[in-house]
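**Student:** Sharing a structure with you now.
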Ligand code: IPD
Ligand code: CA
Ligand code: CA
């Protein structure tokens, strides 16, 4: 028996669900955010920068419960509660709060990110930022949007023509970060980091940033955003090689005119 094509799945229902769930979860996040002084913040492992609160856990539980209710046969991978049914054709990949360090410190750069893989390919995504009333969303073949406005990457052809986002994962990649920053500045580029990989990816899709390089991201940080960048005309690196879905990988997304320049600055570690 040949497997059904993605069109035989109810993609529209999943796309609508991703958007409304992201908005609902972001409203929940905002309620926690307004009372953040009462939250207990824990550190994950030895990395003091990697923090989590009850807000992250409750929002993920809420999203997971709703997805299971609507699409019981779909798989799931979340930052806080792990995975189930990763062999399913549809696998949801979610980050309940991307930008937790900002969230707990009263910085408005955080969001809820919900992505869907179909047959191993990022197919749709929704990223809700309640502090700025922005819902970034997109679906393969249907375009990408912020609220109702179509997204398009920058037409720039040189890093000097705009702002590039960057970040580094403390346990891995510091040795690649400083050389990249030196080259970026030497070429007249400018750097930006807001603490949310999902939002910086969405800003590349929106043409606000030329590109975004991080020495390592996890799949829940970027799954929703990868679709947006592709649909907005941008380029993305091969994030899924070497079990990237579960382990994470170096990450580069950019407008097509600047992608080769950024990839050259990063060098071979982009494909490590
Ligand atoms: C983090 C953010 C941050 C990136 C880190 C991520 P979290 O996610 O996306 O921008 O630099 O690597 O871990 O912990 O806030 O969900
Ligand atoms: Ca994250
Ligand atoms: Ca998170």
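Numbering (our numbering), first residue to last: 62 to 333.
Quick reminder that beta carbons are idealized off the backbone N, C-alpha and C, glycines included.
Please determine, among 80, 162, 284, the residue with the shortest C-alpha to C-alpha distance to residue 116.
**Tutor:** For residue 116, the nearest C-alpha among the options comes from 162.
**Student:** Helix, strand or coil, according to DSSP, for residue 182 in the structure here?
**Tutor:** Reduced to three states, the DSSP call for residue 182 is strand.
**Student:** Kindly indicate which residue of 143, 166, 271, 311 has the alpha-carbon position closest to the one of residue 231.
**Tutor:** Nearest of 143, 166, 271, 311 to residue 231, Cα basis: 311.
**Student:** Have a look at residue 71 and residue 242 and give me their C-alpha separation to the nearest angstrom.
**Tutor:** Near 44 Å, if we compare the C-alpha coordinates of residue 242 and residue 71.
**Student:** If you check the beta carbons only, do residue 223 and residue 289 fall under 9 Å apart?
**Tutor:** No; because the gap between Cβ atoms is not below 9 Å, this pair is not in contact.
**Student:** If we count the other Cβ atoms within 10 Å of its Cβ and call it buried at 16 or more, is residue 64 buried or exposed?
**Tutor:** The predicted position of residue 64 is uncertain, since its pLDDT is 43 and thus under 50; a value taken from the coordinates is nonetheless stated next. By the 10 Å Cβ count, residue 64 comes out exposed.
**Student:** What ranges does the beta strand (DSSP E) occupy inside the region 246–297, keeping only unbroken runs of at least 3 residues that lie completely in it?
**Tutor:** The qualifying runs are 251–253, 272–278.
**Student:** Excluding the 5 residues flanking residue 322 on each side, which residues of the same chain have their C-beta closer than 8 Å to its C-beta?
**Tutor:** Counting only Cβ-Cβ distances below 8 Å, and skipping sequence neighbours, we find 219, 220, 248.
**Student:** Could you check what DSSP says for residue 243 in three-state terms: helix, strand or coil?
**Tutor:** Reduced to three states, the DSSP call for residue 243 is helix.
**Student:** Mind checking whether the beta-carbon of residue 281 lies closer than 8 Å to any heavy atom of ligand 2?
**Tutor:** Under cutoff, so the answer is yes.
**Student:** Assuming residue 147 contacts residue 79 (C-beta within less than 8 Å), just tell me the rounded distance between them.
**Tutor:** Contact flag wrong, Cβ pair sits at about 18 Å.
**Student:** Could you check whether the Cβ of residue 114 sits closer than 8 Å to any heavy atom belonging to ligand 2?
**Tutor:** For ligand 2, not one heavy atom lies less than 8 Å from the Cβ of residue 114.
**Student:** DSSP beta-bridge partners for residue 129?
**Tutor:** According to DSSP, which records beta bridges pairwise, residue 129 is partnered with nothing at all.
**Student:** Between the C-alpha atoms of residue 135 and residue 272, what's the straight-line distance to the nearest angstrom?
**Tutor:** Distance between the alpha carbons of residue 135 and residue 272: 32 Å.
**Student:** Of the residues 172, 182, 205, which one's Cα is nearest the Cα of residue 193?
**Tutor:** Measuring from the Cα of residue 193, the nearest candidate turns out to be 172.
**Student:** Are the Cβ atoms of residue 90 and residue 191 separated by less than 9 Å?
**Tutor:** Closer than 9 Å, so yes.
**Student:** By DSSP, does residue 62 sit in helix, in strand, or in coil?
**Tutor:** Note that residue 62 has pLDDT 36, beneath the 50 cutoff, so the model's placement of it is unreliable and the number below is only indicative. Coil, per DSSP.
**Student:** Tell me which same chain residues have a C-beta within less than 7 Å of the C-beta of residue 245, skipping the five on either side of it?
**Tutor:** Correct list, in chain order: 220, 225, 252, 326.
**Student:** So, at 7 Å on beta carbons, what are the nonlocal neighbours of residue 62 in its own chain, with the 5 sequence-adjacent residues on each side left out?
**Tutor:** Note on residue 62: pLDDT 36, under 50, position unreliable in the model; the coordinate value appears next. Excluding sequence neighbours, residue 62 sits near nothing in its chain.
**Student:** At a cut-off of 8 Å, would you count residue 186 as near ligand 2, judging by its Cβ distance to the nearest heavy atom?
**Tutor:** Every heavy atom of ligand 2 is 8 Å or more from the Cβ of residue 186, so no.
**Student:** Output the distance between the C-alpha atoms of residue 206 and residue 214, rounded to the nearest integer angstrom.
**Tutor:** Cα to Cα, the separation comes out at about 11 Å.
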